[in-house]
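Trainee: Below: one structure in structure tokens.
Residue numbers (my numbering): 685 to 819.
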């Protein structure tokens with residue numbers, strides 16, 4: 685029904701939609717979007733790994749690592765140093781596991797990182813609106 689350009693059009697739509705949302709999102713939502721983006725890239729990398737698509741696997745793992753490192757960079761060590769320190773160590777661990785997954789074609793390592801990210805995201809999603817700091 686649709687031609688081969690359809691995938692490209694859908695991907696462009698997804699990218700422009702995410703960009704548009706990011707431009708109007710509050711800081712709380714931006715962090716949610718980072719979690720979602722990392723999880724999506726890990727899922728694509730896992731599929732690429734299973735299909736033997738080395739280039740796509742490496743690209744998506746690299747982007748997932750970039751997102752995790754972005755989450756790490758925005759941690760607020762002043763307001764809750766213990767929590768920020770724990771998350772910093774966990775994000776570092778996740779980045780290392782993704783590098784190992786890439787080098788060793790280890791889907792279990794990607795699954796572990798995805799599970800950890802989902803747990804952190806679930807906690808983030810449960811923060812009551814009145815406790816979300818904006819700015």
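Glycine included, every Cβ here is placed at the ideal spot set by N, Cα and C.
Take the Cβ of residue 786 as the centre, count every other Cβ of all protein chains shown within 10 Å, and call the residue buried at 16 or more, exposed below.
Mentor: Looking at its Cβ environment, which holds 16 or more other Cβ atoms inside 10 Å, residue 786 is buried.
Trainee: At the level of alpha carbons, what is the spacing between residue 779 and residue 744?
Mentor: When rounded, the distance between both Cα atoms is 13 Å.
Trainee: Would you kindly work out how many angstroms separate the C-alpha atoms of residue 768 and residue 798, rounded to a whole number?
Mentor: Between residue 768 and residue 798, the C-alpha separation is close to 20 Å.
Trainee: Measuring straight from C-alpha to C-alpha, what distance separates residue 815 and residue 766?
Mentor: Those two C-alpha atoms are separated by around 18 Å.
Trainee: With hydrogens ignored, establish whether the beta-carbon of residue 750 is closer than 7 Å to any heavy atom of the ligand NAP.
Mentor: What this structure holds is no ligand at all, so the ligand NAP is not there to describe.
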